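Per my numbering, the very first residue in the sequence shown carries number 10; after that it's consecutive. Even for Gly, the Cβ is constructed at its ideal location relative to N, Cα and C. In this text the structure is predicted, and so the values were computed from the model without any measurement.
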Amino acid sequence: MGSHRRAKGLGLRAALIPLPVALICAVPALAQSPKYGIGTSPSAEQLRAADISIGPTGSELPPGRGTVKEGAQLYRSKGCAGCHGATGMEGRAPALKAKAGPETELWRRGRILPLRAPHATIVWDYINRAMPLNREGTLTADEVYSLTAFLLNINGVIPEDQTIDQQSLPKIKMPIGDNYAGLPDWKPKTPRLKGYPY
Ligand code: HEC
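Structure follows, in structure tokens:
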């Protein structure tokens with residue numbers, strides 16, 4: 010009983026720590042002044058340009074739509090094929106299509122993002138932020154929707170006639186289902202995973 014009460018007390022104190030920590034962290038930001046001559050506050054426009062992360066629910070997705078057919082054309086015209094190969098399997102860059110079909114267990118079909126991602130929104134987000142390599146940020150939202158549709162289609166995740174948009178993309182069921190590394194909720198004093206080096 011006693012130890013139970015003590016544990017509760019500690020929990021309360023732990024919950025109070027973040028406030029002073031947050032205040033300490035805020036001081037350097039407030040103190041950022043011409044005195045040191047380092048750094049500038051980002052403008053609202055710079056922040057908007059950097060704020061492009063798309064989460065699993067897709068609530069941050071911009072409006073737009075794309076088809077598998079348009080994606081197939083863009084895959085060639087935007088140079089994707091030059092690095093990833095005409096069929097997505099034979100380029101110098103990572104494969105975008107699995108060589109083995111659905112008869113092979115998912116985890117044995119290779120590290121293929123448009124097949125193994127836990128959420129289809131991740132494929133959209135990756136292409137939007139990182140591709141085409143060296144020309145990142147040049148694709149329109151519609152183009153990213155189309156390329157995502159194309160890559161999901163060549164991996165058998167969606168049919169050829171499916172159009173994807175802001176609403177339908179987050180609803181696509183990826184083959185991994187709910188089996189993606191479900192980590193337990195972390196609580197204070199949770200032991201490290203077995204064999205974790207630190
Ligand atoms: C200049 C070469 C180049 C071009 C052009 C290019 N890519 Fe890539 N792509 C890469 C490389 C290299 C990686 C791996 C990057 C890494 O792992 O850090 C990659 C990674 C990817 C991935 C993630 C693969 C994975 O399994 O992690 C996707 C999806 C992708 N590219 C899609 C595209 C699309 C769509 C286009 C066309 C709009 C495109 N790429 C154009 C070189 C290229």
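(1) Buried or exposed: which applies to Asp-170, given that a residue is buried once 16 or more other Cβ atoms fall within 10 Å of its Cβ?
(2) Less than 7 Å between C-beta atoms, sequence neighbours within five positions excluded: which residues of the same chain meet that for Ile-163?
(3) Does the Cβ of Arg-118 lie closer than 8 Å to at least one heavy atom of ligand 1?
(4) Cutting at 8 Å between CB atoms, please list the residues of its own chain near Leu-142, excluding the five before and the five after it.
(5) Is Met-98 near ligand 1 - that is, is its Cβ less than 8 Å away from at least one heavy atom of it?
(6) Have a look at the DSSP bridge pairing and note the partners of Arg-74.
(7) Based on Cα-Cα distance, which residue from Leu-56, Pro-71, Arg-57, Pro-51 lies nearest to Val-153?
(8) If distances are taken between C-alpha atoms only, which option among Lys-182, Leu-156, His-128, Gln-175 comes closest to Lys-78?
(9) Determine the DSSP secondary structure at Val-166, reduced to helix, strand or coil.
(10) Express the C-alpha separation of Gln-176 and Ala-58 in angstroms, rounding to a whole number.
(11) Taking the straight line between their C-alpha atoms, what separation do you get for Ala-23 and Trp-195?
(12) Give every residue of the same chain whose Cβ lies closer than 7 Å to the Cβ of Thr-76, excluding the five residues on either side of it in the sequence, and list them in chain order.
(13) For Ile-61, collect the residues of the same chain with a Cβ closer than 7 Å to its Cβ; drop the 5 residues on either side in sequence, then sort them by chain order.
(14) Kindly give me the distance between the Cβ atoms of Leu-148 and Lys-87, rounded to whole angstroms, as I take these residues to be in contact under 8 Å.
(15) Give the residues whose C-beta lies closer than 5 Å to at least one heavy atom of ligand 1, in chain order.
(16) Between the Cα of Cys-89 and the Cα atoms of Gly-110, Arg-201, Met-140, which residue gives the shortest distance?
(17) Keeping to the same chain, check which residues put their C-beta closer than 6 Å to that of Ala-150; ignore five residues upstream and five downstream.
(18) Can you tell me whether Tyr-45 is helix, strand or coil according to DSSP?
Let me lay it out:
(1) exposed
(2) Gly-97, Lys-106
(3) no
(4) Cys-92, Ala-102
(5) no
(6) Asp-174
(7) Pro-71
(8) Leu-156
(9) coil
(10) 23 Å
(11) At Ala-23 the pLDDT is 46, less than 50, meaning the model places this residue with poor confidence and gives no usable figure here.
(12) Ser-155, Ala-158, Thr-172
(13) Asn-137, Arg-138
(14) 7 Å
(15) Lys-87, Gly-88, Cys-89, Cys-92, Ala-102, Pro-103, Leu-122, Ile-136, Met-140, Pro-141, Leu-142, Leu-156
(16) Met-140
(17) Pro-71, Gly-73
(18) coil
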